[in-house]
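**Student:** Structure incoming, see below.
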Amino acid sequence: MENKKSIGTSIHQQILLSTVSTIDDYAIYILNEDGNIETWNNGANKILGYEADDILGRSHLLFYPKENPAHVIHSQLIQGAEISGKAEYEGYFIRKDGSRFWGTVVINSYNDPELNQNYFLNFINDLTDKKLVEDKHGNIIEELQIKNAELKRNAEKYHKMISEIRDYAIILLDPDGKILDWNKGAEQLKGYRAEENIGKNFRLFYTLEDKELNLPDLLLNEAKEKDVATHEGYRIRKNGTRFWAGVTITAIRDNAGHITGFTKVTKDLTPRKIADDKVAMFTYELQQKNE
Numbered sequence: 071m072e073n074k075k076s077i078g079t080s081i082h083q084q085i086l087l088s089t090v091s092t093i094d095d096y097a098i099y100i101l102n103e104d105g106n107i108e109t110w111n112n113g114a115n116k117i118l119g120y121e122a123d124d125i126l127g128r129s130h131l132l133f134y135p136k137e138n139p140a141h142v143i144h145s146q147l148i149q150g151a152e153i154s155g156k157a158e159y160e161g162y163f164i165r166k167d168g169s170r171f172w173g174t175v176v177i178n179s180y181n182d183p184e185l186n187q188n189y190f191l192n193f194i195n196d197l198t199d200k201k202l203v204e205d206k207h208g209n210i211i212e213e214l215q216i217k218n219a220e221l222k223r224n225a226e227k228y229h230k231m232i233s234e235i236r237d238y239a240i241i242l243l244d245p246d247g248k249i250l251d252w253n254k255g256a257e258q259l260k261g262y263r264a265e266e267n268i269g270k271n272f273r274l275f276y277t278l279e280d281k282e283l284n285l286p287d288l289l290l291n292e293a294k295e296k297d298v299a300t301h302e303g304y305r306i307r308k309n310g311t312r313f314w315a316g317v318t319i320t321a322i323r324d325n326a327g328h329i330t331g332f333t334k335v336t337k338d339l340t341p342r343k344i345a346d347d348k349v350a351m352f353t354y355e356l357q358q359k360n361e
């Protein structure tokens, strides 16, 4: 079922294009039905490295790695947007100088009723920083899982290593979710000193809404069943302020397989959340202008 939007009157188009051309946080450009570029904004110049004169009329496939077959990209994105009105892709993109960056593209399909043609509005957001954070987070989690297996014979060394990490809040919980240990990263992120929280339940970091939904216990139960539970959402600091957190809870088991506790790793993802919300708001405002 097609879900195309009309691009509106020519005056409306001119106003929209004039607004978009000045934005430099996102690469925004329009493709025709063949996938060739018809407009180019300041953000596209900044992120992808092409001047408008260099790229207008050329194929958007220039931005995708050669290992992605051109017909597959075209089928997934252009034809996908044509059918459903919207298509998305996250992965590596290629700049003019050949360097790569990790990003996401959202393509919305619009119809020009006068010419009976489809056009495709593209938003590319450079998510390189997000990718680096996620990769680092993944590495930390993998390292913690390895360390958990050696916890009993390397307890002192492990504790010293964890206690010094400052980029991540790392907490040791007992099987019921009570806090047993607390690193410097947890003190820095959440605002509590270790002695203020040892023995308390980790539920105190959750919002009232999440407590009412019993989210802390649900995450512990998931970790018990699957060994690992992950979640993103708001958490509360000592001073009452909120931050957007990425949380991984890993079960610790003894040699018999019984759970002896959990490690809980929290990363402040507030900058990424702000960027994601900004993209969503910008997309919504553009859609409102075209309705």
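First residue of the sequence shown? That's 71 in the numbering used here, and the numbers climb one at a time after it.
Yeah, the Cβ is synthetic: ideal placement off N, Cα and C, and Gly gets one too.
These figures come from a predicted structure and were not determined experimentally.
1. I'd like to know whether the C-beta atoms of Thr300 and Ile319 end up nearer to each other than 9 Å.
2. Mind checking Thr109: buried by the 16 CB within 10 Å criterion, or exposed?
3. Among Asp246, Phe313 and Glu282, which has the Cα closest to the Cα of Asn291?
4. Could you check what DSSP says for Asp287 in three-state terms: helix, strand or coil?
5. Looking only at C-alpha atoms, which of Asn267, Val175 and Lys116 sits nearest to Ile148?
6. Cβ of Pro135 within 9 Å of Cβ of Gly161?
7. Need the endpoints of the alpha helix (DSSP H) that Ala326 sits in, please.
8. For Leu285, which residues in the same chain have their Cβ closer than 8 Å to its Cβ, ignoring the five residues on either side in sequence?
9. Please classify Ile216: is it buried, with 16 or more other beta-carbons within 10 angstroms of its beta-carbon, or exposed?
10. Have a look at Phe313 and Ala321 and give me their C-alpha separation to the nearest angstrom.
11. Note down, in chain order, each residue of its chain lying with its Cβ closer than 6 Å to the Cβ of Val335, except the 5 sequence neighbours on either side.
12. Looking only at C-alpha atoms, which of Asn195, Gly255 and Val142 sits nearest to Ala345?
13. How would you write the range of the alpha helix (DSSP H) that Gln258 sits in, first residue to last?
14. Can you look up Ile268 in the DSSP assignment and give me helix, strand or coil?
15. Rounded to whole angstroms, what is the Cα-Cα separation between Asn188 and Asp104?
16. On the DSSP bridge assignment, give the partners of Val175 in chain order.
17. For Asn115, which of helix, strand or coil comes out of DSSP?
18. Beta carbon of Lys294, beta carbon of Ile329: below 9 Å?
19. Could you check where the beta strand (DSSP E) with Ile125 kicks off and where it finishes?
20. According to DSSP, is Asp95 part of a helix, a strand, or is it coil?
21. Using the C-alpha atoms, what's the distance from Phe352 back to Trp252?
22. According to DSSP, what are the bridge partners of Asn188?
23. Can you tell me the Cα-Cα spacing of Ser129 and Ile107, whole angstroms?
**Tutor:** On the basis of the supplied data:
1. yes
2. buried
3. Asp246
4. helix
5. Val175
6. yes
7. Unbroken run through Ala326: none, as it is neither H nor E.
8. Tyr276, His301 and Gly303
9. Answer is exposed; the Cβ neighbour count stays below 16.
10. The straight-line gap from Cα to Cα measures roughly 25 Å.
11. Tyr238, Ile240 and Thr318
12. Checking every option, the nearest Cα to that of Ala345 belongs to Asn195.
13. That run of the alpha helix (DSSP H) goes Lys254 to Lys260.
14. coil
15. 10 Å
16. Tyr159 and Ile194
17. helix
18. Judged by beta-carbon spacing, Ile329 lies within the 9 Å limit of Lys294, meaning their Cβ atoms are closer than that value.
19. First-last for Ile125: Ala122 to Ile125, but that is the alpha helix (DSSP H), not the beta strand (DSSP E).
20. coil
21. 40 Å
22. Asn181
23. 6 Å
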